[in-house]
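The numbers in the UniProt record's numbering rise by one with no breaks, and the one at position 95 of the sequence shown is 95. Where a beta carbon is used, it is the ideal one built from N, C-alpha and C, also for glycine. From a predicted model like this one, the values you see are computed outputs, not experimental measurements.
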Amino acid sequence: MHDHERAARQSLIDHCRAMNASGLSLHKSGNASLRWGNGLLITPTGRAYDRLQPEDIVYLDADGTCPPGQLIPSSEWRFHAAILNAFPDVNAVVHAHSPHATALACLGEGIPPFHYMVAVAGGTHIPCAEYATFGTAALSDNVLRALDGGLRACLMANHGQVATGRTLAEAYALAEEVENLARQYLLARSVGPTRNLPPEEMALVLEKFRYYGQQRTPERI
């Protein structure tokens, strides 16, 4: 195993351990993947993250085929592989059972534009994918349907959330933001209905987000 691959595998382990430490996803719940060569690297199923070693990370071909001699991949490998195949600009996927996002998903609800930061997931809202049994092709199809149109994250009914990114760090940060937004939304809802932003304002925010931070503005390109 080359140093670059070992570092990639260790990064998956580190991010999953961070999920445990932060409470984003407890114990063995949640998983993560990273585009690698013609396939992907993904966490194995049923293994405590604090005991994982780089060689325990599983490599899958793009079609989900698991070369022999490895641990069994995460039961959710189907939607990881499907997302990476469907969206060439996505290189990493993080799935978490974060408390507030999961609570909202158990209501069968997504996150509406109650706050402009909802646009961080790439759209005017963060949808909730329809329920299907974990690990199934049906669930993978539902997640892809929810992400259609370029969305970078969604909730998963009665399950949790999934976030994507160009890098593993980016996908992890988005998962944290989705959880934070879900917490804020549920807090606001506990007082009363939210005053959601109109479509034209969210369109403006989405355009501003294209050049947020250190990106150049269109006029300076």
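Nearest-angstrom Cβ-Cβ length linking residue i and residue j, presumed shorter than 8 Å
i      : j      : result
Ala153 : Thr164 : 7 Å
Gln161 : Leu155 : 5 Å
Pro54  : Arg6   : 5 Å
Outcome for residue i when other beta-carbon atoms lying within 10 angstroms are tallied against a minimum of 16
i           : result
Ala157      : buried
Pro218      : Unreliable placement is indicated for Pro218, whose pLDDT of 42 sits below 50; no coordinate value is reported for it.
Ser11       : buried
His15       : buried
Ser74       : buried
Val205      : buried
Val191      : exposed
Ala132      : buried
Glu207      : exposed
Asn38       : exposed
Ala138      : exposed
Ala171      : buried
Ile13       : buried
residue 261 : Outside the modelled stretch of the chain, which goes from 1 to 221, sits residue 261, for which no answer is possible.
Ile221      : Here the model assigns Ile221 a pLDDT of 32, short of 50, so the residue's position is not dependable and the matter cannot be decided.
His2        : exposed
His4        : exposed
Selection from the options that minimises the alpha carbon distance to residue i
i           : options                       : result
residue 222 : Gly69, Ile72, Gln70, Thr65    : Because the chain here runs from 1 to 221, residue 222 falls outside it and cannot be looked at.
Ser25       : Ser98, Tyr172, Val205, Thr124 : Ser98
Ala48       : Pro198, Gly30, Gly135         : Gly30
Glu200      : Leu139, Thr124, Ser22, Ala171 : Thr124
Arg189      : Gly135, Phe209, Gly110        : Gly110
Cys106      : Leu186, Glu5, His4            : Leu186
Gly149      : Phe87, Thr45, Ile72           : Phe87
Gly108      : His159, Phe134, Pro68, Thr136 : His159
Gly69       : Asp3, Asp141, Val58           : Val58
Ser22       : Pro198, Asn196, Ala173        : Ala173
Pro67       : Leu52, Gly46, Asp89, Ile42    : Ile42
Trp36       : Asn20, Gly46, Leu52, Asp63    : Asp63
Test item: CB-CB of residue i and residue j under 8 Å
i           : j      : result
Ala129      : Ala146 : yes
Ala8        : Leu40  : no
Val120      : Ala32  : no
Trp77       : Leu60  : yes
residue 222 : Arg166 : Any question about residue 222 goes unanswered here, given that the chain covers just 1 to 221.
Glu177      : Met117 : yes
Gly122      : Leu151 : yes
Gln184      : His115 : yes
Met202      : Pro127 : no
Ala96       : Ala18  : no
Asp56       : Leu71  : yes
Any non-hydrogen atom of the ligand SAM within 7 Å of residue i CB
i      : result
Leu206 : Of the ligands one can find in the structure shown there are none, so the ligand SAM has no counterpart to examine.
* To do: Within the region 22-99, note down every full alpha helix (DSSP H) run reaching 4 residues or more, in order along the chain.
  => 77-86
* **Ranges of the alpha helix (DSSP H) found wholly within the region 159-209, counting only runs of at least 4** => Entirely contained in the region 159-209, the alpha helix (DSSP H) runs reaching 4 residues are, in chain order, 168-189, 199-209.
* To do: Go through the region 89-151 residue by residue and report every complete run of the alpha helix (DSSP H) that reaches 4 residues or more, in order.
  => If we require 4 residues or more, the alpha helix (DSSP H) runs fully inside the region 89-151 come out as 99-105, 137-147.
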